[in-house]
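Asks: Dropping a structure here in structure tokens format, bear with me for questions.
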Amino acid sequence: MPYESSFAGCNYLEREDALLAPYAMRTRHSKGRRYPEAEHPYRTLYPRDRDRIVHSTAFRRLMHKTQVLVGQPGDHHRTRLTHTLEVTQISRTIARQLGLNEDLTEAIALMHDLGHPPFGHAGEAALDECMRGHGGFEHNCHGLRIVEELEYRYAEFPGLNLSYEVLEAQALHSKRRDAPEVARFVNAGQPLLEAQVVDAADSLAYDSHDIDDALSLGVITLDDLSQVPFWLRAVERARSQHARLPALQFQATVVRALIDWQVTDLLEQTSRCLEQEKIRALEDVRRAARILVTPSNSVQTQKEELEKFLHERVYRHPRITRMAHKGQRMLRLLFDELCAHPEKLPQRYQERARASSLKRTVCDYLAGMTDRFAQDEYLRLFQPNTPL
Ligand code: MG
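When we follow my numbering, the leftmost residue of the sequence shown carries the number 3, and every step to the right adds one.
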């Protein structure tokens, strides 16, 4: 369905033609929405997707979901919401520089972590285990379930009725190509460049901010980082740009240098890839033999060393592991209890359970919880003397 929109003499589709690179995704080439809708007088397809995501319940819940530093006390470290906002603004910067569709990139970035359950990757592993033999659990698939089925804000359709391209970006991010939520998107070829940008921005954002948070929480020290060449190079960069670097601003300045360096490297390497692979149109992106938005080999190698350090020293730190296991145990116990006693589910979920699978319904209910709500629910169900 061709998509037209103009308001006050400004035709956005023409503006895209004037501003976007030939390999960018244009609104007029969208496959549109599953349930056709009337146009909005001045918001085009992808800005409406963005607005729907931001107004969704799942998006607000990102505020009380953590990814690595599960259940850590303190108000200064990232939550999934602030991580998502960081990924979004980094993605937009990159998209704009490359002449890609910034509106689409923004919507993909805002959605990219919607499907994460409470307690980060530990929670994901626990739910996957609970659902073994019943389709498993994976956050990208769950993100698609949220926006296609579970959100119930619109009278005319289930979910948020997002554009095909935003859904496809989430689907192609999943390794479970045979999952029912993903299968219809897998024959498209390579992901759109807008989706590739979000993927790269996600990775560079969490590598940088996990170091920042781990330092702030005292999980690692600046001394520990002296064995990480990537960090040391960022320190050199920061020092070369600042004649005076007081201790109070040191950490933030180096983290900023780390992000800036990675973004610049990504832009340079991606431009080289687009040139080498002779990418002149969207079809060339789809047919390309490889992912095109990527860091240079040298940055990639240093990034892998940094990730190895993060895995060993942060993600497997006793404090992190204890919280992760506690979260997993809570989810497993909640899962078993609610499967055995579906009458304890909220009414809306009891109806879903009767109409479909009980296990999937319980899994959907648990995956939607924030860390905080899951802990409260655990206490309500298992702790005597906890008010219901
Ligand atoms: Mg992310």
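Even for Gly, the Cβ is constructed at its ideal location relative to N, Cα and C. These numbers come from a predicted model, not from an experiment.
Does any heavy atom of ligand 1 sit closer than 6 angstroms to the C-beta of Asp204?
Replies: Numbered from 1 along the sequence shown, position 202 holds the residue referred to as residue 204. Yes, the beta carbon of Asp204 sits closer than 6 angstroms to at least one heavy atom of ligand 1.
Asks: Which of the three DSSP states, helix, strand or coil, is assigned to Asn189?
Replies: For the purposes of this step, residue 189 is identified with residue 187 of the sequence shown, where counting begins at 1. Note: Asn189 maps to helix in three-state DSSP.
Asks: Who are the near neighbours of Asn299 in its chain, counting only those whose CB is closer than 8 angstroms to its CB and skipping five residues on each side?
Replies: Here residue 299 refers to the residue found at position 297 when the sequence shown is read from its first residue. The answer is none, since no qualifying residue turns up.
Asks: Which value, in whole angstroms, describes the spacing of the CA atoms of Gln271 and Ala291?
Replies: Locating residue 271 in the sequence shown gives position 269, counting from the first residue. Locating residue 291 in the sequence shown gives position 289, counting from the first residue. Using only the alpha carbons, I get a separation of about 16 angstroms.
Asks: Take the Cβ of Gln243 as the centre, count every other Cβ of all protein chains shown within 10 Å, and call the residue buried at 16 or more, exposed below.
Replies: Locating residue 243 in the sequence shown gives position 241, where the first residue counts as 1. Result: exposed.
Asks: Taking three-plus beta-carbon pairs below 8 angstroms as touching, is the stretch 110-125 in contact with the stretch 207-227?
Replies: No, the stretch 110-125 is not in contact with the stretch 207-227.
Asks: When the cut-off is 7 angstroms and only beta carbons count, does Asp215 lie next to chain C?
Replies: The displayed structure is made up of one protein chain only, and chain C is not part of it.
Asks: Could you tell me if the beta carbon of Asp215 falls within a distance shorter than 6 angstroms of some heavy atom in ligand 1?
Replies: The residue you call residue 215 lines up with position 213 of the sequence shown. No, Cβ of Asp215 sits at least 6 angstroms from all heavy atoms of ligand 1.
Asks: Is the separation between the beta-carbon of Thr86 and that of Leu64 shorter than 7 angstroms?
Replies: Within the sequence shown, the letter at position 84 stands for residue 86. Within the sequence shown, the letter at position 62 stands for residue 64. Yes; because the gap between Cβ atoms is below 7 angstroms, this pair is in contact.
Asks: Rounded to a whole number of angstroms, what is the C-alpha to C-alpha distance between Ala26 and Leu164?
Replies: Position 24 of the sequence shown, counted from the first residue, corresponds to residue 26. Position 162 of the sequence shown, counted from the first residue, corresponds to residue 164. Taking the straight line from one Cα to the other gives about 19 angstroms.
Asks: Please go through the stretch 215-290 and give each complete alpha helix (DSSP H) segment of 4 or more residues, from N-terminal end onward.
Replies: Correct list: 231-243, 249-278 and 284-289.
Asks: Would Phe384 be called buried (16 or more neighbouring beta carbons within 10 Å of its own) or exposed?
Replies: Residue numbering aside, residue 384 sits at position 382 when the sequence shown is read from its first letter. Phe384 is exposed by the Cβ-count criterion.
Asks: So what's Asn142 in DSSP terms, helix, strand or just coil?
Replies: By one-based count along the sequence shown, residue 142 stands at place 140. Helix.
Asks: Can you find a heavy atom of ligand 1 that lies under 6 angstroms from the Cβ of Asp115?
Replies: Counted from its first residue, the sequence shown places residue 115 at position 113. Yes.
Asks: Within a Cβ cutoff of 6 angstroms, which residues of the same chain sit near Gly145, ignoring the five residues on either side of it in sequence?
Replies: The sequence position of residue 145 within the sequence shown is 143, counting from 1. These residues qualify, in order along the chain: Leu116, Gly117 and Gln172.
Asks: DSSP on Arg36, reduced to helix/strand/coil?
Replies: Against the sequence shown, residue 36 aligns to sequence position 34. Three-state DSSP puts Arg36 in coil, outside helix and strand.
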